[in-house]
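Asker: If you read the sequence shown in my numbering, its first letter stands for residue 39, the second for the next number, and so on.
Even for Gly, the Cβ is constructed at its ideal location relative to N, Cα and C.
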Amino acid sequence: MQGITDSSGIVRFKLPPGRSYHMLCTAIGYQALDTMIDLTGNMHVTLRMLPLSKRLGTVSIYDKNNGISIEQDREKFVIQYGPSFVGKGKSIWDLMRMSPLITIRDPDQIEVLNRTDIVVFINGKRNRMPVEALVEYLKSIPASYIKSIEVVPVPTSDYNVSGNPVVINIVYKKMIQNHIRFNSSLALRKAKYLTPGLNINLDYKFSKISSEYYMYGALSNYGQDFNTDFEIEDKNYARSQESIFHTKNNIPSGLGGSIQYEIDSLQKISINIDYFHSSSNHGNMTLTNHADYYGLYNGIYELDSISNSIIGLFDKQMQFNPEFNYSIKFKNNKNKAYLQSGIVTYRNIDDRNNDFITISNMDTISQDHFVQHLNQNYFGYYAYVKLEHSLKNGNLSIGFNFDKSSNKSYQDIQFLNNTYASYDYLYKENNLQPFFNFETEIHRISLILGSKVRITHLLGYQNDDEIVQKKYFTFLPDLHLNFNLNEFNQLSLALTSDKNLPKFSDLNPFQVYTSKESTISNNPFLLPSNSYSMLFSYLHKNHLFILSNTYYSKPFNQYAFFNGYSIMLIPVNYHSVNKLLIAYSKNFSFLKSNIWNCTLNPSVVYYSVNGNDTIYADFHRIYYIIKLQNSFNLPHDLNLSVGFQFFSPDLSFNNYTLNAQNNLNFSLSKTFDKITISLIATDMLKKMGWKTKNLNNQNILLINGVYNDSRAIMLRVSLNLFKDDLKVHTLHLKNQDILDRL
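What follows is the structure in structure tokens.
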């Protein structure tokens, strides 16, 4: 139905018989109101629509002739897609590959503005799947399900995250009618090895109950090559080493689901369950090392000895994550409350058979064998509570984020000479993070002011001996400002800080600590790191400019130590790290009917590192990145996507070098009614490997290189079925075009 206001501005109409109603209200100068209400008897309900002036923080750079748009809504960039982007059998993962600001580095690594510390949300709820499981899930969901992707480079204090990561929120279209949707895809990927995979997704809505279920599995085969060369000039010594890691017949699989019940128009409750499992048998996962040792004789390096080693691995991983969510609105929708709580359990069993042999002058000079067992168990539970109150010109939210975890690990080593060693590790971490967040608008300026207080307790044991006990109390404010110059121009500034604490893996638990005060092999106990971030953006019509800078004080990272015969990568604290990024984004549309859509993302990165008294690590690096993604809508339901990424070599000409990388990929899709067949190729030029000169604790020329098994071709067949029982007709106002422009 459609209503017109009387002279007082009130709409009066009679509702048909019933109890539950879906209300969609639109009016010129006001935000659209989309809500469910329950009415019984002679109940009276007041619906208030907020003035459009409260959304001055949103400026769109959408071009009607373009298939993609970018908006900035306060702290987040909202990416929306036209029909040419979401059809033709694409998945959400394919859509992310074509999106501005987001870069997919094969194999399956997500970057945003050159950052990899990313947390993915789905419909506003944090997702806690393992990375491998999350990627497979996103590959199984059709792009047509999606409404938008929100990129939050600097989250506000009320986000359900620890630290200051980039947040990607994937927003699905809201399905009002009862329906059932089924999607399944079968893929065959051929790189160095052949990898088949199957994804199944089912979701439905019936009355007040909606649910989604997914399942995936693969027979994973993967390879990776490492190359390490180093030369010690003052000792007349050099080594060249090649390592090949490959996995055959590894079986990653997962399943999960969620069910949501709308108690009434104001309350919702949902339960999510995710399970991930991966296993490989002995002989199917191996790490093979071959090293050549050279001595300097009469000014010429000659082969002195050869070393070979084979490490056979058995690896089994399991993760289980049940979660409960509840939301409620009260007091005329002016107040909202959210509750999220869950449990994460993780188990990893890792057995290694190590064989080493060294040959010199055709004679075996040493041979060794040892068996290593590692059993790790993680258990944690978390809670997130948020209370939100709508003010006349803004919002106020308060709440807290809490998590408590226990990480137990057991390791034993059996050597060939019958010597034996075993270690027990226990690492506990408790975090309580109260927060508040205030949003308001004053004329053309929108302001977000927030803060969180992180209270952390760390406790670590090795063989019942305490190796670490730390308590931290940190105040972390943040500020977001948006200024609208006019309809097509907006300036934004975000400032925030964070304290990064070492995790279980950062503390190097598989080394021997004698006490919490001691050090091992030049490895001091890691101190917490402080970071300070600034992000400035400017929107001008369909041009987006970003300037980002992050300064880290006492950051910790892997560092190469040479002990005379081998290289150890050990986490240490540097003095400081500074990272500056300048980025630009623009979307183009060519030819009639949006046949050719193009996204261009160039950026320049400056990266500098300062070591300390014990770490030789002073360097700076400058490089640029170009991402160009094209989508072509061809006749006969064909779609072609061609993408290119280029990562330049180091341009600073100092003692740190990095070679260039590039990635050329394409996909061709053909739709036959409910079936879509896609041919996908990645890293076609086989240039995604890298080689770099590393800094270390001695005057050693150390060069590392890695090649990922990312050049691949994949055939994917997708089946999409949809059935709806209730047709919903959308009513348009005569002035809908004006509303769209607003």
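Only counting the same chain, and skipping five residues up and downstream in sequence, which positions put a Cβ closer than 7 Å to that of proline 290?
Answerer: Walking along the sequence shown from the start, residue 290 turns up at place 252. Taken in chain order, the residues that qualify are Glu170, Ala256, Ser258 and Ser316.
Asker: Once the 5 residues before and after leucine 666 are set aside, which same chain residues still bring their CB inside 6 Å of it?
Answerer: Within the sequence shown, the letter at position 628 stands for residue 666. The residues are Leu638 and Phe682.
Asker: On a CA-only basis, which of Ser669, Glu361 and Pro593 is nearest asparagine 648? Give me that one, please.
Answerer: Position 610 of the sequence shown, counting from 1, holds the residue named residue 648. Residue nearest to asparagine 648 within the set Ser669, Glu361 and Pro593 is Pro593 (criterion: CA-CA distance).
Asker: Using the C-alpha atoms, what's the distance from serine 365 back to tyrosine 416?
Answerer: Here the question's residue 416 lines up with position 378 in the sequence shown. Here the question's residue 365 lines up with position 327 in the sequence shown. About 29 Å.
Asker: Determine the direct distance from the alpha carbon of glutamate 280 to that of tyrosine 461, and round the result to whole angstroms.
Answerer: Looking up residue 461 in the sequence shown gives position 423. Looking up residue 280 in the sequence shown gives position 242. If I take the Cα positions, the gap works out to 30 Å.
Asker: Counting C-beta neighbours from all protein chains within 10 Å, is the total for phenylalanine 368 16 or more, i.e. buried, or is it exposed?
Answerer: Counting from 1 along the sequence shown, the entry for residue 368 is found at position 330. By the 10 Å Cβ count, phenylalanine 368 comes out exposed.
Asker: For methionine 253, collect the residues of the same chain with a Cβ closer than 6 Å to its Cβ; drop the 5 residues on either side in sequence, then sort them by chain order.
Answerer: Taking the sequence shown and counting its residues from 1, the one referred to as residue 253 is at position 215. So the qualifying residues of the chain are Ile238 and Leu293.
Asker: Are there three or more Cβ pairs, one per stretch, closer than 8 Å when the stretch 385-394 is compared with the stretch 336-349?
Answerer: yes
Asker: For the beta strand (DSSP E) that tyrosine 644 lies in, which residues bound it at each end?
Answerer: Here residue 644 corresponds to residue number 606 of the sequence shown, with the count starting at 1. Unbroken beta strand (DSSP E) run through tyrosine 644: 634-648.
Asker: Cutting at 6 Å between CB atoms, please list the residues of its own chain near lysine 724, excluding the five before and the five after it.
Answerer: As a first step, residue 724 is located in the sequence shown; it is residue number 686 there, counting from the start. Excluding residues within five positions, the ones whose Cβ falls inside 6 Å are Arg749.
Asker: Looking only at DSSP bridge pairs, what is proline 234 linked to?
Answerer: In the sequence shown, the residue the question calls residue 234 occupies position 196. DSSP output for proline 234 lists Leu226 as bridge partner(s).
Asker: Using the rule of at least 16 other Cβ atoms within 10 Å of the residue's Cβ for burial, across every protein chain shown, is lysine 114 buried or exposed?
Answerer: Taking the sequence shown and counting its residues from 1, the one referred to as residue 114 is at position 76. It counts as buried.
Asker: Per DSSP, asparagine 671 is paired with what?
Answerer: Here residue 671 refers to the residue found at position 633 of the sequence shown. In DSSP, asparagine 671 forms a bridge with Asn677.
Asker: With DSSP as the reference, label tyrosine 612 as helix, strand or coil.
Answerer: Locating residue 612 in the sequence shown gives position 574, counting from the first residue. Assignment of tyrosine 612 by DSSP, reduced to helix, strand and coil, places it in the coil class.
Asker: Under 7 Å between the Cβ atoms of valine 124 and serine 182?
Answerer: Numbered from 1 along the sequence shown, position 86 holds the residue referred to as residue 124. Numbered from 1 along the sequence shown, position 144 holds the residue referred to as residue 182. Against a cut-off of 7 Å, the Cβ pair of serine 182 and valine 124 comes out as a contact.
Asker: Run the CB neighbour count on serine 245, radius 10 Å, all protein chains shown included, and call it buried at 16 or more, exposed below.
Answerer: Translated into the one-based positions of the sequence shown, residue 245 becomes position 207. If you draw a 10 Å sphere on the C-beta of serine 245, you find fewer than 16 other C-beta atoms in it, and that means exposed.
Asker: DSSP three-state label for aspartate 762, please.
Answerer: Position 724 of the sequence shown, counted from the start, is the residue given in the question as residue 762. Strand, per DSSP.
Asker: Roughly how many angstroms separate the alpha carbons of isoleucine 713 and leucine 757, rounded to a whole number?
Answerer: Stepping through the sequence shown from its first residue, residue 713 is reached at position 675. Stepping through the sequence shown from its first residue, residue 757 is reached at position 719. Using only the alpha carbons, I get a separation of about 5 Å.
Asker: Where do the ends of the alpha helix (DSSP H) carrying alanine 171 lie?
Answerer: Counting from one through the sequence shown, the residue named residue 171 turns up at place 133. Alanine 171 -> alpha helix (DSSP H) spans 169-178.
Asker: Would you mind working out which of Leu470, Leu519, Asp503 and Lys446 sits nearest isoleucine 480, comparing C-alpha positions?
Answerer: Numbered from 1 along the sequence shown, position 442 holds the residue referred to as residue 480. Isoleucine 480 has its Cα closest to that of Leu519, out of Leu470, Leu519, Asp503 and Lys446.
Asker: Which residues in the same chain have their Cβ closer than 6 Å to the Cβ of isoleucine 493, if we skip the five residues on either side of it in sequence?
Answerer: As a working mapping, residue 493 is identified with position 455 in the sequence shown. Result list for isoleucine 493: Leu470 and Phe511, in chain order.
Asker: Report yes or no: do three or more beta-carbon pairs, one from the stretch 161-179 and one from the stretch 696-709, lie closer than 8 Å?
Answerer: No: the two stretches stay apart, fewer than three of their Cβ pairs being nearer than 8 Å.
Asker: Using 10 angstroms around the beta-carbon of serine 567, count the other beta-carbons present and answer buried if the total reaches 16, otherwise exposed.
Answerer: For the purposes of this step, residue 567 is taken as the residue at position 529 of the sequence shown. Under this definition serine 567 is a buried residue.
Asker: Given a cut-off of 7 Å on the beta-carbon distance, is the pair valine 615 and tyrosine 597 in contact?
Answerer: Stepping through the sequence shown from its first residue, residue 615 is reached at position 577. Stepping through the sequence shown from its first residue, residue 597 is reached at position 559. For valine 615 and tyrosine 597, no; Cβs fall outside 7 Å.
Asker: With which residues is glutamate 525 paired in a DSSP beta bridge?
Answerer: As a first step, residue 525 is located in the sequence shown; it is residue number 487 there, counting from the start. Note: glutamate 525 sits in no beta bridge, so no partner.
Asker: Give the straight-line distance between the Cα atoms of valine 409 and aspartate 146, rounded to the nearest whole angstrom.
Answerer: Residue mapping note: residue 409 aligns to position 371 of the sequence shown, counting from 1. Residue mapping note: residue 146 aligns to position 108 of the sequence shown, counting from 1. Going from the Cα of valine 409 to the Cα of aspartate 146 covers about 32 Å.
Asker: Using a Cβ-Cβ cut-off of 7 Å (strictly less than) and excluding sequence neighbours within five positions of leucine 565, which residues of its own chain qualify?
Answerer: Position 527 of the sequence shown, counted from the start, is the residue given in the question as residue 565. Excluding positions up to five away in sequence, the list reads Lys592 and Asn611.
Asker: Measuring alpha carbon to alpha carbon, tell me which residue in Ile206, Gly201, Lys230 and Gly380 is nearest threonine 141.
Answerer: If you number the sequence shown from 1, residue 141 lands on position 103. Checking every option, the nearest Cα to that of threonine 141 belongs to Ile206.
Asker: Taking the C-alpha atoms as reference points, what is the distance between asparagine 159 and aspartate 762?
Answerer: Here residue 159 corresponds to residue number 121 of the sequence shown, with the count starting at 1. Here residue 762 corresponds to residue number 724 of the sequence shown, with the count starting at 1. Per the sequence shown, residue 159 should be read as phenylalanine rather than asparagine. Their Cα atoms are separated by approximately 27 Å.
Asker: Among Ser530, Leu539 and Leu485, which has the Cα closest to the Cα of leucine 496?
Answerer: Locating residue 496 in the sequence shown gives position 458, counting from the first residue. For leucine 496, the nearest C-alpha among the options comes from Leu539.
Asker: Compute the distance between the beta-carbons of serine 444 and lysine 466, then report whether it is under 7 Å.
Answerer: As a working note, residue 444 is residue 406 in the sequence shown. As a working note, residue 466 is residue 428 in the sequence shown. In contact: serine 444 and lysine 466 (Cβ atoms closer than 7 Å).
Asker: Just to confirm, is the Cβ distance from lysine 163 to tryptophan 131 under 7 Å?
Answerer: Position 125 of the sequence shown, counting from 1, holds the residue named residue 163. Position 93 of the sequence shown, counting from 1, holds the residue named residue 131. No, they are not a contact pair.
Asker: Starting from the Cα of valine 173, find the closest Cα among Ser186, Thr285 and Leu133 and give me that residue.
Answerer: As a first step, residue 173 must be located in the sequence shown, where it is residue number 135. The residue with the shortest Cα to Cα distance from valine 173 is Leu133.
Asker: Is isoleucine 289 helix, strand or coil by DSSP?
Answerer: Counting from one through the sequence shown, the residue named residue 289 turns up at place 251. Coil.
Asker: In three-state terms, what does DSSP make of tyrosine 197?
Answerer: On the sequence shown, residue 197 is found 159 positions in, with the first residue counted as 1. Coil, per DSSP.
Asker: When you compare the CB positions of proline 191 and valine 204, do they come within less than 7 Å of one another, or not?
Answerer: As a position in the sequence shown, residue 191 is number 153, starting the count at 1. As a position in the sequence shown, residue 204 is number 166, starting the count at 1. Result yes, Cβ atoms of proline 191 and valine 204 sit closer than 7 Å.
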